[in-house]
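So the sequences go chain by chain: A and B. In this text, residue positions in the first sequence follow the numbering used here: the first is 1, and each later residue adds one. In this text, residue positions in the second sequence follow the numbering used here: the first is 110, and each later residue adds one. In this text, a Cβ means the ideal position worked out from N, Cα and C, and glycines have one as well. Comments concern the structure below.
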Amino acid sequence: LAKTTQPISMDSYEGQEVNITCSHNNIATNDYITWYQQFPSQGPRFIIQGYKTKVTNEVASLFIPADRKSSTLSLPRVSLSDTAVYYCLVGDNNNDMRFGAGTRLTVKP
Amino acid sequence: GAVVSQHPSWVICKSGTSVKIECRSLDFQATTMFWYRQFPKQSLMLMATSNEGSKATYEQGVEKDKFLINHASLTLSTLTVTSAHPEDSSFYICSASRQGQETQYFGPGTRLLVL
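Below you can see the structure in the form of structure tokens.
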């Protein structure tokens with residue numbers, strides 16, 4: 001079974017900030033949190049990874065509270081091309097990296 | 110960078126034939142490679158994990174004699190679907206990771222259609 005729970009779908013509009021939250025109540029001490037983006041008929045693309053607190057890169061931010069039982073992917077100012085499925089994974093050294101259902105984000109004009 | 114390629118990108122075959130899919134890490138050495146299968150509108154399902162030079166570890170319900178995985182080098186893993194049937198039609202995706210690192214890098218996927 002997947003270790004994570006995410007909303008099935010979300011809608012947003014161009015230019016808005018989108019926050020997708022993932023629950024991982026049983027996260028292990030050594031587990032990292034990784035987010036991927038997938039477009040239809042393509043392999044998932046790495047977005048961001050973190051262990052605790054906040055991580056930011058050129059495309060997104062990842063917020064992880066102290067208890068690490070959840071995480072939030074933040075996409076600033078989304079565009080139509082950000083319409084995709086977003087997956088949250090937790091795992092340790094690439095073991096037991098099972099995908100949940102993911103969140104289907106639709107960005108509208 | 111961390112680029113993973115797959116070949117072929119798509120394949121159509123007759124029922125009963127075998128199909129081999131290659132997964133290559135182009136600019137890094139991949140100590141671990143993963144094979145996933147994805148049906149339309151569904152999430153990725155992990156099929157097996159392979160470490161270079163070792164036998165693959167298959168997930169429950171995945172037939173190891175039907176889905177042969179070979180990880181003979183640090184840059185290449187192959188998945189062979191033996192005696193393919195229409196129900197094996199799916200999108201097959203591989204990923205690779207460096208030793209000691211948490212991140213998986215995914216290939217572009219291979220679309221298999223068995224007639």
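| Check | Outcome |
| --- | --- |
| Reduced DSSP secondary structure (H/G/I, E/B, other) of A:S81 | helix |
| Range of the contiguous beta strand (DSSP E) that encloses A:M97 | First-last for A:M97: undefined, no H or E at that position. |
| Contact under 8 Å by Cβ, B:S199 with B:Q213 | no |
| Residue interval of the beta strand (DSSP E) (run including B:L155) | L153 to N160 |
| Buried or exposed by the 16-neighbour rule on C-beta atoms within 10 Å, applied to B:A157 | buried |
| Beta-carbon proximity check, B:T189 vs B:L177, cutoff 8 Å | yes |
| Where A:E14 falls, given that 16 or more other Cβ within 10 Å makes a residue buried | exposed |
| A:D11 in three-state terms, based on DSSP | strand |
| Backbone CA spacing between B:S159 and A:Q38 [nearest angstrom] | 23 Å |
| Cutoff 8 Å: A:G15 Cβ touching any chain B Cβ | no |
| B:E211, DSSP secondary structure in three states | coil |
| Start and end residues, beta strand (DSSP E) containing B:K175 | First-last for B:K175: undefined, no H or E at that position. |
| Rounded Cβ spacing between B:P217 and B:Q151 (contact assumed at less than 8 Å) | That pair is no contact at about 18 Å. |
| Alpha-carbon to alpha-carbon, B:N179 and B:K173 | 11 Å |
| Chain-ordered chain B contacts of A:F46 [CB-CB under 9 Å] | A111, T212, Q213, Y214 and F215 |
| Per-residue burial, B:D136 [other beta carbons within 10 Å of its own, 16 or more giving buried] | exposed |
| Interface flag, B:S238 vs chain A, CB-CB below 8 Å | Summary: the structure shown does not reach residue 238 of chain B, with chain B confined to residues 110 through 224, and so no result is reported for it. |
| Length of the line joining the Cα atoms of A:A84 and B:K164 | 35 Å |
| Collapsed DSSP secondary structure at B:E196 in the structure displayed | helix |
| Contact list for B:L155 against chain C, beta-carbon separation under 8 Å | The chain labelled as chain C is not found among the protein chains of the depicted structure, namely A and B. |
| Stretch-stretch touch, CB-based, cutoff 8 Å, three pairs: the segment 112–130 of chain B with the segment 64–72 of chain A | no |
| Residue ranges of each beta strand (DSSP E) within the segment 27–81 of chain A, 3 or longer | 32–38, 45–50, 53–56, 61–64 and 70–75 |
| Chain A contact residues for B:G218, given Cβ-Cβ distances below 9 Å | S41, Q42 and G43 |
| CB contact flag (A:Q16, A:V90, <8 Å) | no |
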